[in-house]
Amino acid sequence: MFSDSAKMSKAIFWLQLRTFGLVVGWLEVIFFITSTIYWGTILLLERYERHEKSETGHAIRNSYYLAFNISHLLTSSLLILGTIKERHLLLFPWLINRGLVLCGSVMLTNYYMNANDSLSILQCLVFISFNCFLISGIYSLLNDIKESNKLELLRLRLDTPDNIEDKSLSTKLDWNSYVYQYKFEPSLYEVNFPDNGDTDNLLKRS
Numbered sequence: 780m781f782s783d784s785a786k787m788s789k790a791i792f793w794l795q796l797r798t799f800g801l802v803v804g805w806l807e808v809i810f811f812i813t814s815t816i817y818w819g820t821i822l823l824l825e826r827y828e829r830h831e832k833s834e835t836g837h838a839i840r841n842s843y844y845l846a847f848n849i850s851h852l853l854t855s856s857l858l859i860l861g862t863i864k865e866r867h868l869l870l871f872p873w874l875i876n877r878g879l880v881l882c883g884s885v886m887l888t889n890y891y892m893n894a895n896d897s898l899s900i901l902q903c904l905v906f907i908s909f910n911c912f913l914i915s916g917i918y919s920l921l922n923d924i925k926e927s928n929k930l931e932l933l934r935l936r937l938d939t940p941d942n943i944e945d946k947s948l949s950t951k952l953d954w955n956s957y958v959y960q961y962k963f964e965p966s967l968y969e970v971n972f973p974d975n976g977d978t979d980n981l982l983k984r985s
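The sequence shown runs 780 to 985 under the working numbering.
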């Protein structure tokens with residue numbers, strides 16, 4: 780009951796937060812798998828077909844792009860797994876990765892501003908805005924999963940055998956008190972009960 784109510788608490792663009800996380804995760808996985816294959820192929824071609832020293836810069840650049848795509852592929856996979864398994868800690872790598880990308884985008888925007896490149900500045904601002912939107916949504920998902928897990932843990936604690944035994948013990952103590960008053964303080968019930976073995980049997984059974 781607790782987890783169901785928490786899951787329905789927030790939505791983004793008519794999508795529940797968990798659905799939003801899965802959509803973002805799967806789209807990124809598809810994109811970065813394709814991009815990883817692309818840059819990996821280019822890197823292999825440069826390695827076996829070009830051996831000039833002048834191509835070293837291209838190899839370094841392509842290696843960077845390949846590592847960039849692999850890291851995003853891993854964090855996107857963790858985002859999907861964390862959303863499905865409801866493990867909020869698995870969402871942190873994605874947020875950290877996106878945070879680094881956001882910082883790099885801000886630095887790149889500052890560079891283009893110094894170069895007076897209006898088109899590149901506009902592209903960077905759009906990219907930054909889109910990333911802020913994604914980060915905000917996934918961060919909300921992280922908090923939602925975290926809160927849902929807390930409520931679920933609370934429910935499990937309330938349903939443990941120890942707590943059930945405590946409740947039974949409390950009920951038993953209340954029953955003993957009632958029977959004791961029945962035998963020794965009958966005036967509380969506004970009835971004069973006979974002092975016989977019935978109440979003794981009740982106390983023994985309790």
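C-beta: ideal position from N, C-alpha, C; glycine also. Owing to the predicted nature of the structure, the values given are computational and were not obtained by experimental measurement.
Environment of G883 [buried if 16+ CB atoms lie within 10 Å]: Around the CB of G883, fewer than 16 other CB atoms lie within 10 Å, so the residue is classed as exposed.
Closer than 6 Å by C-beta to H867: which residues in its own chain qualify, once you throw out the five before and the five after it? Chain order, please. Excluding positions up to five away in sequence, the list reads L921, I924 and K925.
Quick one: what's Q902 bridged to in DSSP? Its beta-bridge partners do not exist; DSSP assigns none.
Could you give the C-beta distance for L801 and T862, rounded to a whole number, given that I count them as a contact under 8 Å? Cβ-Cβ separation between L801 and T862: approximately 5 Å, consistent with a contact (criterion under 8 Å).
Between which two residues does the alpha helix (DSSP H) holding L887 run? In the DSSP assignment, L887 falls within the unbroken alpha helix (DSSP H) covering F871 to A894.
When the Cβ atoms of the stretch 897-913 are set against those of the stretch 839-848, are three or more pairs found closer than 8 Å? Touching, no, given that fewer than three Cβ pairs across the two stretches are closer than 8 Å.
Among the candidates T798, A790, R877 and L822, whose CA atom is the shortest distance from the CA of F906? Looking from the CA of F906, the closest CA among T798, A790, R877 and L822 belongs to R877.
Is it the case that the Cβ atoms of V803 and L913 are separated by a distance below 8 Å? In this structure, L913 lies closer than 8 Å to V803 by Cβ.
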